[in-house]
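Working notes, beginning with the structure itself.
Numbering (the numbering used here), first residue to last: 362 to 530.
As C-alpha cells, then:
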C-alpha cells in the first residue's frame, strides 16, 4: 500500500493561510551581515502607490567566482535591494562606481507582495575607494538641535523711549 502524499493544492493553501493570518516566514539565513564591494552600474527606485513606501535597488557587475557555476567564466550582473537614503551618495561620472556596502539578510517584500529573505545593502562605507564620512549620510531620524540661550531682551516700548533724542535722564 502506498503512503498518501499531501495534495500540492493543500500545501499551497496552508502557506497562503499562514501568510493571511499574519505569520511571518521563518528567516533561515544568518542576519549578521557582511561587507560587499560592488561596481554599481545602475540605481533605481519605485514608490508603492498603495503604501507610499519607496523601494530602491542597485545593479552591479561582478566577476563570476571560479567554480561557482560549473564552467562559467566572465562577469555577472546582480541586483541588490538598498536603503533609499543611500542612493544620493552614488554619483555616476560616465562609468560604473566602485562602492563598498554593509549588508544584512532580512525578509523583504517586493512590489508584488512576495516575501523573501534577501541581502539588503544598509550602509555605504566607501565610494570610489574613498571612505564615506558618517556626517555625509542621511541620519535615520532628524535630531533636535540644541539652541544657544538668548540674552534677555527689553520690552519694545523701553527701547524706543531710550533711543529717542528727546528722552530725559
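Glycine is no exception: its CB is placed at the ideal position from the N, C-alpha and C atoms. Just so you know, these numbers come straight off a predicted model, no measurement behind them.
| request: Using the Cα positions of residue 445 and residue 483, report the straight-line distance between them to the nearest angstrom. | output: If I take the Cα positions, the gap works out to 9 Å.
| query | What are the partner residues of residue 422, as DSSP defines its beta bridges? | reply | Looking at the DSSP assignment, residue 422 forms a beta bridge with 400 and 438.
| task | Report back the beta-carbon spacing between residue 421 and residue 439 to the nearest angstrom; my notes put them in contact at under 8 Å. | result | A Cβ-Cβ distance of about 6 Å is found for the pair residue 421 and residue 439, placing them in contact under the 8 Å criterion.
| Are the CB atoms of residue 417 and residue 459 nearer to each other than 7 Å? | No, these two residues do not count as a Cβ contact at 7 Å.
| message | Less than 7 Å between the beta carbons of residue 397 and residue 453, yes or no? | response | Taking 7 Å as the Cβ cut-off, residue 397 and residue 453 do not qualify as a contacting pair.
| said: Helix, strand or coil, according to DSSP, for residue 477 in the structure here? | reply: Three-state DSSP puts residue 477 in a strand.
| Roughly how many angstroms lie between the CA atoms of residue 486 and residue 401, to the nearest whole one? | For residue 486 and residue 401, the gap between their C-alpha atoms comes out near 14 Å.
| message | Please classify residue 411 as buried or exposed, where buried requires at least 16 neighbouring CB atoms within 10 angstroms. | response | Exposed is the call here.
| task | Would you check if the distance between the CB atom of residue 442 and the CB atom of residue 479 is smaller than 7 Å? | result | Contact: yes.
| said: Going by DSSP in three states, residue 468 sits in which element: helix, strand or coil? | reply: Shown here, residue 468 sits in a strand according to DSSP, grouped into three states.
| Alpha-carbon to alpha-carbon, residue 434 and residue 469 | Each residue's CA atom was taken as its position, placing residue 469 and residue 434 some 31 Å apart.
| Going straight from the alpha carbon of residue 471 to that of residue 493, what length do you get? | Taking the CA atoms as reference points, residue 471 sits about 29 Å from residue 493.
| query | With DSSP run on the structure shown, which of helix, strand or coil describes residue 433? | reply | The answer is coil: DSSP assigns residue 433 none of H, G, I, E or B.
| message | Taking only three categories from DSSP, how would you classify residue 417? | response | Three-state DSSP puts residue 417 in a strand.
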